[in-house]
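*Asks:* Using my numbering, read the sequence shown as starting at 12 and increasing by one per residue. Just so it is clear, CB atoms sit at the ideal spot from N, CA and C, and this is done for glycine as well. Values in this document were obtained by computation on a predicted structure and should not be read as measured data.
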Amino acid sequence: MSLEALNERVKTDLSYLAFGGAAWVQPKAHSEGHVYDVVIVGGGQSGLAAAFGLLRERVTNILVIDENAEGLEGPWETYARMVTLRTPKHLTSIDLGIPSLTFRSWWEAQFGPQGWEEVVKIPRGDWMDYLRWYRQVLDLPVINEVKLKLIEPAGGGIHRLHIQGAGAPSEHLLTRKVVLATGIQGGGEWHVPPIIADKLPGHLYAHTSQMIDFENLQGKKIGILGGGASAFDNANFALSQGVAEAHVFVRREKLPSVNPIRQMESSGMIERFHVLTDAEKYAAISHFFKFNQPPTNDTFERAASWPGFQLHLGAPWLDVEATGEGVAVTTPQGRFTFDYLIVSTGLLSDPSLRPELRLIESHIARWSDVYDAPEEVANPLLDAHPYLSPGFALTGRDEEGESLLHGLFVFNYSALASCGLSASAISGTKNAVPKLVSGVADQLFLDDREDILQAFIDYNEAEFVGEWPIQTADDKLEQKI
12 MSLEALNERV KTDLSYLAFG GAAWVQPKAH SEGHVYDVVI VGGGQSGLAA AFGLLRERVT
72 NILVIDENAE GLEGPWETYA RMVTLRTPKH LTSIDLGIPS LTFRSWWEAQ FGPQGWEEVV
132 KIPRGDWMDY LRWYRQVLDL PVINEVKLKL IEPAGGGIHR LHIQGAGAPS EHLLTRKVVL
192 ATGIQGGGEW HVPPIIADKL PGHLYAHTSQ MIDFENLQGK KIGILGGGAS AFDNANFALS
252 QGVAEAHVFV RREKLPSVNP IRQMESSGMI ERFHVLTDAE KYAAISHFFK FNQPPTNDTF
312 ERAASWPGFQ LHLGAPWLDV EATGEGVAVT TPQGRFTFDY LIVSTGLLSD PSLRPELRLI
372 ESHIARWSDV YDAPEEVANP LLDAHPYLSP GFALTGRDEE GESLLHGLFV FNYSALASCG
432 LSASAISGTK NAVPKLVSGV ADQLFLDDRE DILQAFIDYN EAEFVGEWPI QTADDKLEQK
492 I
């Protein structure tokens, strides 16, 4: 099978499911112009899947915006530096149950079934190519180079989105619902410890989430802080690009070996997380936070095989200092000098860190507002997460907050505490997207329920036109005479 043949197969499969039926959501008029039913912020894998899911539910007045250039959405061609995905290749995600939309179908259309058998893990670049194909074959309504600057409640169940960028069609968009499909960092920000951020100029370090000029680091010596998978991804990538030495520093005495995601994938935890009590959810995610996702075995072996790779366990950074030669790092194991530092210390999830939420974040309920965790599991990082509905909707701290936040859905990594492994995790996508789509569609329906129910009661269109007794042709002729 070729890609062209697969494209036709996708169209056929969707036609069998009556995809593309008439929209049921009634349009809203506004003096400022067109009102979308849903605007999805983020055109990566989560945003694309959300758009497809809504279209399947016949919610068609939607738009996806992404701040990046077309084809560069998400991390895969920017700051992701792993060779392959960490997710097992057999897991399905954004296909939403359509076999012809799976990565496997896309791969086999190009390389055949034997080619699929030879794949151990999905190559990162090929995953991005698959996402580009997915967007194209489904003809999803995405515009690029549009950045969301501010969400402003406009009253009447409408939100005014202030936007900018080369692709922006205007200064703002109006929409009833907003889905923030903004990725790993979309619920907060990447974290750089103050010991680094407050003491070093920006040209001496970068977070792993940033674009890094590795060509300029050829022949140089770099220090990497962090013990998770990303630290080793960056060490391997740096050495492959000509960096002379890459030293990874880990606070723990031993590298993490357990990946809790693998257990969640097979235990029902991902699919059924939403039925847990708040206490059970909190305890589960608090336990999850104790683990850094370990490097995959192949990533570790790949990095460790370089002559310039060094691993320092039990070596937290106690101090950093800019020197004439670069940066001096002090650890319990001694003092090291580097030309450049790379920080792999994760992220913080907190609505107060998001500039686009500044008008409303004080109204957003956090976990600390609704649940007082026992001391043995309490975690301030978890407490700062937004407290979401099972359908990923923001909830308010009070009645005013509920009104202002109505219509806002968080489909990024900050949904972890409320909805489990879901948004921004390939393992959770196939289970999370239907819940999000139902949450959005249900809210649209309930917002308009009075009109919908009245239209149902008033409905009087005759469908049956038969008569009794049945008239023969002679009867009809006699009536005419």
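Helix, strand or coil for R115, going by three-state DSSP, please let me know.
*Replies:* For this step, residue 115 is matched to residue 104 along the sequence shown. Correct three-state label for R115: helix.
*Asks:* According to DSSP, is W127 helix, strand or coil?
*Replies:* Within the sequence shown, residue 127 is the residue found at index 116, counting from 1. Helix.
*Asks:* Classify G440 as helix, strand or coil using the three-state DSSP reduction.
*Replies:* Working through the sequence shown from its first residue, we reach residue 440 at position 429. It is worth fixing the name first, because residue 440 is Thr in this sequence and not Gly. Correct three-state label for T440: helix.
*Asks:* Can you have a look at H170 and say buried or exposed, based on whether 16 or more other CB atoms are within 10 angstroms of its CB?
*Replies:* Here residue 170 refers to the residue found at position 159 when the sequence shown is read from its first residue. Flag for H170 reads buried.
*Asks:* Mapping DSSP to helix, strand and coil, what is K5?
*Replies:* Beyond the ends of the chain as shown, which are 12 and 492, falls residue 5; an answer cannot be given.
*Asks:* I'd like to know whether the C-beta atoms of L159 and E411 end up nearer to each other than 7 Å.
*Replies:* What you label residue 159 is simply residue 148 of the sequence shown in a count that begins at 1. What you label residue 411 is simply residue 400 of the sequence shown in a count that begins at 1. For L159 and E411, no; Cβs fall outside 7 Å.
*Asks:* Look up T23 in the DSSP assignment and say whether it is helix, strand or coil.
*Replies:* Against the sequence shown, residue 23 aligns to sequence position 12. Helix, per DSSP.
*Asks:* Near D24, what residues of its chain come up, given a Cβ to Cβ distance below 6 Å and the 5 sequence neighbours on each side ignored?
*Replies:* One-based indexing of the sequence shown puts residue 24 at position 13. Around D24: I109 and S111.
*Asks:* In this structure, what does DSSP give as the bridge partners for R346?
*Replies:* For the purposes of this step, residue 346 is taken as residue 335 along the sequence shown, with counting starting at 1. DSSP, once it has assigned bridges, lists T341 as partnering R346.
*Asks:* Would DSSP call T310 helix, strand or coil?
*Replies:* Here residue 310 refers to the residue found at position 299 when the sequence shown is read from its first residue. Note: T310 maps to helix in three-state DSSP.
*Asks:* Please report how far the alpha carbon of L447 lies from the alpha carbon of L151, in whole angstroms.
*Replies:* Here residue 447 refers to the residue found at position 436 of the sequence shown. Here residue 151 refers to the residue found at position 140 of the sequence shown. Looking at the two C-alpha atoms, the distance is approximately 18 Å.
*Asks:* Buried or exposed for P397, going by 16 or more other Cβ atoms inside 10 Å?
*Replies:* In the sequence shown, residue 397 corresponds to position 386, counting from 1. It counts as buried.
*Asks:* Under three-state DSSP, which class holds P150?
*Replies:* What you label residue 150 is simply residue 139 of the sequence shown in a count that begins at 1. According to the sequence as given, residue 150 is Asp; it is not Pro. Correct three-state label for D150: coil.
*Asks:* Can you give me the Cβ contacts of V259 inside the same chain, cut-off strictly under 6 Å, excluding the 5 residues immediately before and after it?
*Replies:* Within the sequence shown, residue 259 is the residue found at index 248, counting from 1. Taken in chain order, the residues that qualify are I235, A242, A246 and L322.
*Asks:* If we ignore side chains and look at the alpha-carbon of each, how far apart do W201 and A314 end up?
*Replies:* Taking the first residue of the sequence shown as position 1, residue 201 is located at position 190. Taking the first residue of the sequence shown as position 1, residue 314 is located at position 303. Approximately 24 Å, taken between the alpha carbons.
*Asks:* Mind pulling the beta strand (DSSP E) runs of 3 or more residues that sit fully within the segment 388-459?
*Replies:* Taking only runs of at least 3 residues, the beta strand (DSSP E) segments lying wholly in the segment 388-459 are 419-421.
*Asks:* Using DSSP with H/G/I as helix, E/B as strand and the rest coil, what is P86?
*Replies:* The sequence position of residue 86 within the sequence shown is 75, counting from 1. Three-state DSSP puts P86 in coil, outside helix and strand.
*Asks:* Can you name the start and end residues of the alpha helix (DSSP H) that V381 belongs to?
*Replies:* Start at 1 with the first residue of the sequence shown, and residue 381 comes out as number 370. Looking at the DSSP string, the run of the alpha helix (DSSP H) that includes V381 is W378 to V381.
*Asks:* At what residues does the alpha helix (DSSP H) containing A40 begin and finish?
*Replies:* Translated into the one-based positions of the sequence shown, residue 40 becomes position 29. Counting along the chain, A40 falls outside any alpha helix (DSSP H), and DSSP gives it neither H nor E.
*Asks:* Could you tell me the boundaries of the beta strand (DSSP E) in which Q321 lies?
*Replies:* For the purposes of this step, residue 321 is identified with residue 310 of the sequence shown, where counting begins at 1. From DSSP, the beta strand (DSSP E) with Q321 extends over F320 to H323.
*Asks:* Cα separation between E226 and V254?
*Replies:* Within the sequence shown, residue 226 is the residue found at index 215, counting from 1. Within the sequence shown, residue 254 is the residue found at index 243, counting from 1. The straight-line gap from Cα to Cα measures roughly 8 Å.
*Asks:* DSSP beta-bridge partners for N72?
*Replies:* As a first step, residue 72 is located in the sequence shown; it is residue number 61 there, counting from the start. Per DSSP, none; premise fails for N72.
*Asks:* Is the Cβ-Cβ distance between E156 and G176 less than 7 Å?
*Replies:* Along the sequence shown, read from residue 1 onward, the residue named residue 156 stands at position 145. Along the sequence shown, read from residue 1 onward, the residue named residue 176 stands at position 165. Yes, Cβ-Cβ distance for E156 and G176 is below 7 Å.
*Asks:* Rank F299, D309, R369 and P306 by C-alpha distance to the C-alpha of G431 and give the top, closest one.
*Replies:* Counting from 1 along the sequence shown, the entry for residue 431 is found at position 420. When each option's Cα is compared against that of G431, the closest is F299.
*Asks:* I need the boundaries of the beta strand (DSSP E) containing Y216, first residue and last residue.
*Replies:* Taking the sequence shown and counting its residues from 1, the one referred to as residue 216 is at position 205. That run of the beta strand (DSSP E) goes Y216 to H218.
*Asks:* Using only CA atoms, which one of G54, A217, L457 and S400 lies nearest to S429?
*Replies:* Here residue 429 refers to the residue found at position 418 of the sequence shown. Measuring from the Cα of S429, the nearest candidate turns out to be S400.
*Asks:* Consult DSSP for G166 and reduce its assignment to one of helix, strand or coil.
*Replies:* Numbered from its first residue, the sequence shown carries residue 166 at position 155. Correct three-state label for G166: strand.
*Asks:* For the pair the segment 62-80 and the segment 456-466, tell me if three or more CB-CB distances fall below 8 Å.
*Replies:* No: fewer than three Cβ pairs fall under 8 Å.
*Asks:* With DSSP run on the structure shown, which of helix, strand or coil describes I174?
*Replies:* Here residue 174 refers to the residue found at position 163 when the sequence shown is read from its first residue. I174: strand per DSSP, three-state reduction.
*Asks:* Just to confirm, are E84 and G54 a CB contact at a threshold of 7 Å?
*Replies:* As a working mapping, residue 84 is identified with position 73 in the sequence shown. As a working mapping, residue 54 is identified with position 43 in the sequence shown. Cβ atoms of E84 and G54: closer than 7 Å.
*Asks:* By DSSP's criteria, V259 is part of a beta bridge. Which residues make up the other side?
*Replies:* Counting from 1 along the sequence shown, the entry for residue 259 is found at position 248. BP columns for V259 point to I235 and L322.
*Asks:* Among R273, P391 and R369, whose alpha-carbon lies nearest the alpha-carbon of S10?
*Replies:* Given that the chain is displayed from residue 12 to residue 492, the structure contains no residue 10 and the question cannot be resolved.
*Asks:* Does the separation of the CB atoms of P327 and R262 fall below 7 Å?
*Replies:* The sequence position of residue 327 within the sequence shown is 316, counting from 1. The sequence position of residue 262 within the sequence shown is 251, counting from 1. Cβ atoms of P327 and R262: closer than 7 Å.
*Asks:* What's the C-alpha gap between L65 and T440?
*Replies:* Start at 1 with the first residue of the sequence shown, and residue 65 comes out as number 54. Start at 1 with the first residue of the sequence shown, and residue 440 comes out as number 429. If I take the Cα positions, the gap works out to 14 Å.
*Asks:* Does the Cβ of A473 have 16 or more other Cβ atoms within 10 Å, making it buried, or fewer, making it exposed?
*Replies:* Position 462 of the sequence shown, counting from 1, holds the residue named residue 473. Exposed: under 16 other Cβ atoms inside 10 Å.
*Asks:* Keeping to the same chain, check which residues put their C-beta closer than 6 Å to that of G237; ignore five residues upstream and five downstream.
*Replies:* To locate residue 237, count along the sequence shown from 1; it is residue 226. Closer than 6 Å at the Cβ level, and outside the excluded window around G237, lie S355 and T356.
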